[in-house]
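Peer 1:
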Amino acid sequence: MTETALFIFGGVITLIVFIGILIYAMMSFSRWSERDSKI
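For what it's worth, the working numbering labels the leading residue of the sequence shown as 10, then goes sequentially.
Given below as structure tokens:
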């Protein structure tokens, strides 16, 4: 039971971190494209 809970907890944290990095990359990419189009 404890191992299963730990596995699920780790998976959730990994998912949150992955989504956070994805959103941050998309935001920085959109900023970069905006800057590029202005020039």
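We put the beta carbon where it would ideally sit given N, CA and C, even for glycine.
Give me the Cα-Cα distance between Gly20 and Ile32, rounded to the nearest whole angstrom.
Peer 2: In a straight line, the C-alpha of Gly20 is about 18 Å away from that of Ile32.
Peer 1: Straight-line CA distance for Ser37 to Thr13?
Peer 2: If I take the Cα positions, the gap works out to 36 Å.
Peer 1: Could you compute how far the alpha carbon of Arg44 sits from the alpha carbon of Ile28?
Peer 2: Near 24 Å, if we compare the C-alpha coordinates of Ile28 and Arg44.
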